[in-house]
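S.K.: Here the first sequence stands for residues 8 to 577, where the numbers follow the working numbering.
The C-beta atom is built at its ideal place from N, Cα and C for all residues, glycine as well.
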Amino acid sequence: MIRWTEQCIPTLRNAPQDAEIASHRWMLRAGLIRKLAGGLYTFLPLGLRALRKVERIVREEMDRAGALELLMPALHPRDIWERTGRYEVLQEVMFKIHDRQDRELVLGPTHEEIITDLVANEIQSYRQLPRNFYQIQTKFRDEIRPRFGLMRAKEFIMKDAYSFDVDDAGATASYRKMYEAYRRIFERCGLRTRIVEADTGAMGGQSSHEFMVLAEAGEDGLVECSACEYGANLERAEIGDQPPRVFAEADKPAQAVPTPGRRTIVEVAAFLEVAPEQMIKTLIYQVDDQPVAVLVPGDREVNEVKLAHALAGVTPVLANDAQVEAVTGAPPGFAGPCGLENVRLLADERLHGLRGGVTGANQVDTHLVHVDLERDAAPLHYVDLVTAQAGDPCPRCGAPLQAKRGIEVGHVFKLGTKYSEKLGALYLDESGQQHPCIMGCYGIGVTRTLQSIIEQHHDADGILWPVGVAPYTVEVLIINHAHAPAVAAGEQLARVLTEAGLEVLLDDRDERPGVKFKDADLIGLPVRIGIGEKSLARGMVEMKRRTDGEVTECPPQDVLKTLAAWGIAP
RNA sequence: CGGGGCGUAGCGCAGACUGGUAGCGCGCUUGAAUGGGGUUCAAGAGGUCGCGAGUUCAAAUCUCGCCGCCCCGACCA
């Protein structure tokens, strides 16, 4: 049992101005965290208790799934990152420091290299596999823009696990185990998550799934099918087949028309009185110093993640004005596929069979109408290049997709042998043959998960902690501190509940009842037990469930029974 | 990295244009009353006005530099 007067729970009547989203405001107002600087937060006692609850759930489920906990350094020598080539890839997000010998060290943004190096040294035989190692540790990332409190911070706590298997079947089994463990973890945290297919990004590897907490404040866009189970991050979401785009007067020959000063899709469409979807947007990218023309429907946007995949992983960079002019012979705004030579052309699938289209003529102030791509442009390579949007057909079943926003709290990857090969994590099989381990990696943003719980569980008055992660389970609230019998009864009840094994916070402050009720709602412990003069006169205490406001009275000796009926057991 | 905004008491803000040595609400301390949803009265404490230069008799206020924080954007022709 802890007394409020002996704890440090600095609740705020109003939130600091820079708190943008609900969960961030409540964390500050309820005295869970305080900001040191942008993206850097102190966990106050109540916040830390909740964080430890989340960690405990993660630990229990990881252990249950057979993963082995260890702890790796946060500080890494530069060299190990260069061995996989990821020093280059991640240098933007890595904090770098130098020791007194001027040796460069980085603060770990993730730990694939470190664990793989360990396994390379310690595991030699198939008899030692499979293994899955995990840790709960602080990661450091120099985010472009930290925001939303713990959601995107420069320093955050992550649970990261790494599996090592002898073959694909084993790797898939390890992946499934983690996938299931994650479901359980988030469920126990009281989170409703949506699992979606995801891009592997800087991690590399073959496939991955993200665990998303659906929320308006989410930083990731995703789509889910209105009919089947399909769901995917927007970076990756595929789009089902759509009928070819054939517009009016499709049979007419292509014709140049003047479009003075009309450069953008919107301007040209308005000027020529055509719809944006009738237009062929032509973007010039630089890929390894070579220009590539990318064609997409005028009403769509290029998905650069998909484009990078189509370009064998090379990150495309949009060409500058001079480069566009060198390639197309016209300033930006008038590029089109017809007559474009010496440039690699990539077209989005939705343009396949397009007739009656409108596009730039590669000549200043001029566009082409009645364009038939098959007829008027060089043979094109069609791939999926645009970002999915609401209403697009599902790639699995064709039903309309819905757009949502989500907070990525977990991500599981099949990595293959990318790291094990480069760092020499090899094992000998039964016949003495050497093979690289097949790896998987699995992350959970623990601090982000904590804040997501609040994002999903709050009302107008404060937090509604799910029992499993609440900093304390029960708040005993002495309504009138001047009423000695109530004080005594509150102390007594808190003691009894604590002895029964419950985590109890006793609000023993000499405050007005209103203040204490408001604070109780704010910090949001699952159960509030009010000890008041009036009910005490009847031999009763008042129990209130925070989640749904359910209220009941019972004699103090029946409190444990009522808690049990509410599904709260010590 | 580009654009915009902000930095005055723990939190929320005013004062700045028109320089004269800092104020309001909440919170905090003490006392009293009150005691079932942020109660009331009285008396207090608390500020290098982000930092550093400059202008001036005088700078929170004007000028310059720096630092920090927040928001938007980061090239979709």
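I151 by DSSP, collapsed to three states: which one?
M.R.: I151 falls in the coil class under three-state DSSP.
S.K.: Nearest-angstrom Cα distance between D258 and R382?
M.R.: Spanning the two alpha carbons is a distance of roughly 10 angstroms.
S.K.: For L512, does the count of other Cβ atoms within 10 angstroms reach 16, so buried, or fall short, so exposed?
M.R.: That one is buried.
S.K.: Helix, strand or coil for N289, going by three-state DSSP, please let me know.
M.R.: Just to set this straight, residue 289 is Thr in the shown sequence, not Asn. Strand at T289.
S.K.: Does DSSP put H388 in a helix, a strand or coil?
M.R.: Correct three-state label for H388: strand.
S.K.: Check whether the stretch 91-104 touches the stretch 65-75, taking contact to mean three or more Cβ pairs, one atom from each stretch, closer than 8 angstroms.
M.R.: No, the stretch 91-104 is not in contact with the stretch 65-75.
S.K.: What's the C-alpha gap between L58 and A467?
M.R.: Roughly 23 angstroms between the two C-alpha positions.
S.K.: Which of the three DSSP states is assigned to I460 in this structure?
M.R.: I460: helix per DSSP, three-state reduction.
S.K.: Short check: CB of V96 to CB of A432, under 8 angstroms?
M.R.: Cβ distance not < 8 angstroms, so V96 and A432 don't count as in contact.
S.K.: Buried or exposed: D248, going by 16 or more other Cβ atoms within 10 Å of its Cβ?
M.R.: D248 is exposed by the Cβ-count criterion.
S.K.: Would you list the one or two residues that DSSP bridges to F420?
M.R.: According to DSSP, which records beta bridges pairwise, F420 is partnered with S215 and C448.
S.K.: Given this structure, state the Cα-to-Cα distance separating H377 from A276, to the nearest angstrom.
M.R.: Straight-line Cα distance between these residues: approximately 14 angstroms.
S.K.: Mark D399 as exposed unless 16 or more other C-beta atoms lie within 10 angstroms of its C-beta, in which case mark it buried.
M.R.: The residue in question, D399, is buried, as its Cβ has 16 or more Cβ neighbours within 10 Å.
S.K.: Could you check the C-alpha separation between A37 and T117 for me, to the nearest Å?
M.R.: Distance between the alpha carbons of A37 and T117 is about 31 angstroms.
S.K.: Tell me whether the beta-carbon of V65 lies closer than 8 angstroms to the beta-carbon of H216.
M.R.: Not in contact: V65 and H216 (Cβ atoms no closer than 8 angstroms).
S.K.: When the distance is taken between beta carbons, is A239 closer than 8 angstroms to V273?
M.R.: For V273 and A239, no; Cβs fall outside 8 angstroms.
S.K.: Expressed to the nearest angstrom, what Euclidean distance is found between the alpha-carbon atoms of G363 and E256?
M.R.: Taking the straight line joining both Cα atoms gives about 6 angstroms.
S.K.: Nearest-angstrom Cα distance between T554 and T145?
M.R.: Straight-line Cα distance between these residues: approximately 32 angstroms.
S.K.: Ignore the nearest five residues each way along the sequence and tell me which others in R148's own chain have a CB closer than 6 angstroms to its CB.
M.R.: Here the set comprises V100 and P116.
S.K.: So for N327, helix, strand or coil by DSSP?
M.R.: DSSP places N327 in coil when its eight states are reduced to three.
S.K.: So for K103, helix, strand or coil by DSSP?
M.R.: Looking at K103 - three-state DSSP - the assignment turns out to be strand.
S.K.: Can you round the beta-carbon distance between E540 and H488 to whole angstroms, since I take them to be within the 8 angstroms contact cut?
M.R.: Actually they do not touch by this definition, with Cβ atoms about 11 angstroms apart.
S.K.: Exposed or buried, which one is C448 when buried takes at least 16 other CB atoms within 10 Å?
M.R.: Buried: at least 16 other Cβ atoms inside 10 Å.
S.K.: Using 8 angstroms as the Cβ pair cut-off and three pairs as the minimum, do the stretch 215-232 and the stretch 191-207 touch?
M.R.: Taking 8 angstroms as the limit for Cβ pairs, the verdict is that the stretch 191-207 does touch the stretch 215-232.
S.K.: How far does the beta strand (DSSP E) with G364 in it extend, from its first residue to its last?
M.R.: Run containing G364: G364 to G367, per the beta strand (DSSP E) assignment.
S.K.: Between which two residues does the beta strand (DSSP E) carrying N240 extend?
M.R.: Element bounds for N240: G238 to N240.
S.K.: Got a sec? Which residues, its chain only, sit under 8 angstroms from L532 by beta carbon, not counting five neighbours each side?
M.R.: Excluding positions up to five away in sequence, the list reads W472, A477, P478, Y479, T480, V481, E482, L512 and R553.
S.K.: With H, G and I counted as helix, E and B as strand and the rest as coil, what does DSSP make of I530?
M.R.: Three-state result, I530: helix.
S.K.: For the putative contact between L504 and V416, defined by C-beta atoms under 8 angstroms, what is the C-beta separation to the nearest angstrom?
M.R.: Between V416 and L504 the Cβ distance is about 32 angstroms, and since that is not below 8 angstroms, they are no contact.
S.K.: What residues in its chain sit with their C-beta under 8 angstroms from that of E308, if we drop five residues either side in the sequence?
M.R.: So the list reads V393 and T394, once near-sequence residues are dropped.
S.K.: Buried or exposed for I151, please, with buried defined as at least 16 other CB atoms from any protein chain shown within 10 angstroms of its CB.
M.R.: When all chains shown are included, I151 counts as exposed.
S.K.: Measure how close the beta-carbons of L78 and Q142 come, nearest whole angstrom, since I'm counting them as under 8 angstroms.
M.R.: Confirmed, Cβ separation roughly 5 angstroms.
S.K.: Can you tell me the Cα-Cα spacing of T366 and D328, whole angstroms?
M.R.: The straight-line gap from Cα to Cα measures roughly 18 angstroms.
S.K.: Does the Cβ-Cβ distance between I287 and P344 come in under 8 angstroms?
M.R.: Closer than 8 angstroms, so yes.
S.K.: Drop a sphere of 10 angstroms on the beta-carbon of E280, count the other beta-carbons inside from all chains shown, and report buried for 16 or more, exposed for fewer.
M.R.: Exposed, because fewer than 16 other Cβ atoms sit within 10 Å of the Cβ of E280.
S.K.: Answer yes if the stretch 122-139 comes into contact with the stretch 21-40, meaning at least three C-beta pairs across the two stretches below 8 angstroms, and no otherwise.
M.R.: Cβ pair count under 8 angstroms is below three, so no.
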